[in-house]
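Accompanying notes for the structure given below.
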Amino acid sequence: MLFLVFYDITDNELRNKVSSFLKQKGLEGVQLSVFLGDLNSSRLRDVEAGLRMIRKKKGEGRFFILIVPITENQFKQRIIISDEKEDEEKEE
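Under my numbering, think of the first position of the sequence shown as 80, with each following residue one higher.
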């Protein structure tokens, strides 16, 4: 199943760790603070556990992560509004 991972993290170091971790786990960045990946239940648990470990290192500021399951059909129905030509072409 596809999962969207959204995060709002004010600490630059932790935000970079989360981004690197998600890339390492095979998720693709779709926006600055949003990643998308196809995860089975085992991989999802692994990603969740890794993000919780990073959170334990939390310093000051906001640390919020939201993981949302999404079907492929829902993803295909997405609407992209962008200044970037390539984003609009991907949508078609």
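Beta carbons are placed, not taken as given, at the ideal position from N, Cα and C, and that holds for glycine.
**Prompt:** Under a CB-based cut-off of 9 Å, is Lys135 close to chain B?
**Reply:** The structure shown contains no chain B; it holds only a single protein chain.
**Message:** Between Asp90 and Phe143, how many whole angstroms is the CB-CB distance? I'm expecting something under 8 Å.
**Reply:** Wrong, their Cβ atoms sit about 12 Å apart, outside the cutoff.
**Message:** Can you tell me whether Phe114 is buried or exposed? The criterion is at least 16 other CB atoms within 10 Å of its CB, across all chains shown.
**Reply:** buried
**Item:** Glu127 in three-state terms, based on DSSP
**Value:** Correct three-state label for Glu127: helix.
**Message:** For Phe82 and Ile160, which I take to be in contact (beta-carbon distance under 8 Å), what is that distance rounded to the nearest angstrom?
**Reply:** At roughly 22 Å, the Cβ-Cβ gap does not stay under 8 Å, so Phe82 and Ile160 are not in contact.
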